[in-house]
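First comes the structure, then the notes that go with it.
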Amino acid sequence: FDYVPDHEKPDHQYLIAKKDKSRRKTLEQRYMDDEIDLQTYGDQRDPERKEKRLAAEAVYPLPEKLFRCVVCNEPDRANIKRAGR
99 FDYVPDHEKP DHQYLIAKKD KSRRKTLEQR YMDDEIDLQT YGDQRDPERK
149 EKRLAAEAVY PLPEKLFRCV VCNEPDRANI KRAGR
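One point on numbering: in the numbering used here, the residue at position 46 of the sequence shown is 144, and numbering is uninterrupted.
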């Protein structure tokens, strides 16, 4: 293969393909080039802070609405269960 002149060698795509340069940039460079926003920059720089932020932003399901009890007729005492659950 070394005896073949360069202009006659086949070009393989994996040899001439351009590499992704964004992986080589630091977080600061990517932020300055507007490739990532400030939130993403902070999340990637400090993953523990990201976990705390996500836990603080989590919305938990609200409790089910209580209805009037059929037996004692008091308001907000009974849960209605749906059939099939």
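Even glycine gets a Cβ: it sits at the ideal position worked out from N, Cα and C.
Only a predicted model underlies this, so the values are computations on that prediction, with no experimental measurement involved.
Item: Beta bridge counterpart(s) of Ala176 as assigned by DSSP; Value: Phe165
Item: Euclidean distance between Cα positions of Cys167 and Val157; Value: 29 Å
Item: Secondary structure of Asp104, DSSP reduced to three states; Value: helix
Item: Rounded C-alpha distance that separates Leu136 from Lys163; Value: 40 Å
Item: For Phe99, three-class secondary structure by DSSP; Value: Model confidence at Phe99 stands at a pLDDT of 49, short of 50, so the residue's coordinates are unreliable and nothing is read from them.
Item: Counted within 10 angstroms of its Cβ, other Cβ atoms place Phe99 as buried (16 or more) or exposed; Value: Only weak support is given to the placement of Phe99: the predicted model assigns it a pLDDT of 49, under 50, and the value that follows is read from those uncertain coordinates. Label assigned to Phe99: exposed.
Item: Between the CA atoms of Pro159 and Lys179 - distance to the nearest angstrom; Value: 17 Å
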